[in-house]
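Report on the structure given below.
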Amino acid sequence: ELLTQYGSLNAEVRDLLDDPKSAILEIDRKVLARQKAMQGTEESAQFGAVLGGSLIPWIDKDLGDGMSKEEWKGMAETNKILGLGPDALVGSNAAAIPVDGFCIRIGAMRCHSQALTFKLKRDLPVDEIEAMIAEDNDWVKVVPNEKEASMRDLTPVAVTGTLNIPVGRIRKLAMGPDHIGA
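Heads up: the sequence shown runs through residues 95 to 276, numbered per our numbering.
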């Protein structure tokens, strides 16, 4: 569906794209009109909204509290992996770690991507956090928080076909020294 939508958008403006004198606003008007025409048709039936040149702000079922099932799974799966919370192994009394956020669908062919905010119990230097992440398992690869490295190593295209789990854009957030983004 995504590729079909992109193909439809391209076909709508192909003549304008072939002419270097074309005005970008005319291209944009035609693309937007085509996107709106696709909404609610067979061209957007799979996802329920147009994804080509857009995004879908809700993934999976509504849990009734403003959270989608995909967002709930973020917390459930994180705690399951860590052996915490109600799904933890028998004998574990460790409390679940609260994980929250928003899940949206973007026009990527493969892979999951996440932007995370961590509130730490104490201020830690970024290099110490990066070292803890890098040493966790063989698949995690810390990507330096630099534009060139991020553009090269933090994309679905870069990791498809590998077992690598790149973690990058790790930095202190403006909310305070105990807040880290990745």
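Note that beta-carbon positions come from the ideal geometry of N, C-alpha and C, so glycine has one too. Please read these numbers as outputs of a predicted model, since none were measured by experiment.
From what residue to what residue does the beta strand (DSSP E) around residue i run?
i           : result
residue 267 : 265 to 267
residue 153 : Residue 153 -> no beta strand (DSSP E), and no H or E assigned at all.
residue 270 : 270 to 275
Let me know if residue i comes out buried or exposed under the rule of 16 or more other beta-carbons within 10 Å of its beta-carbon.
i           : result
residue 128 : buried
residue 242 : exposed
residue 99  : buried
residue 165 : buried
residue 255 : exposed
residue 220 : exposed
Check residue i in the structure and name its three-state DSSP category.
i           : result
residue 261 : strand
residue 178 : coil
residue 162 : strand
Assuming residue i contacts residue j under a Cβ cut-off of 8 Å, what Cβ separation, rounded to an integer in Å, is found between them?
i           : j           : result
residue 251 : residue 260 : Their Cβ separation, rounded to whole angstroms, is 12 Å, which puts residue 251 and residue 260 out of contact at 8 Å.
Determine the extent of the alpha helix (DSSP H) in which residue i is found, giving its start and end residues.
i           : result
residue 101 : 96 to 112
residue 131 : 118 to 132
query: Going along the chain, which unbroken runs of the alpha helix (DSSP H) with 4 or more residues stay wholly within the stretch 183 to 244?
result: Segments of the alpha helix (DSSP H) lying fully in the stretch 183 to 244: 220 to 228.
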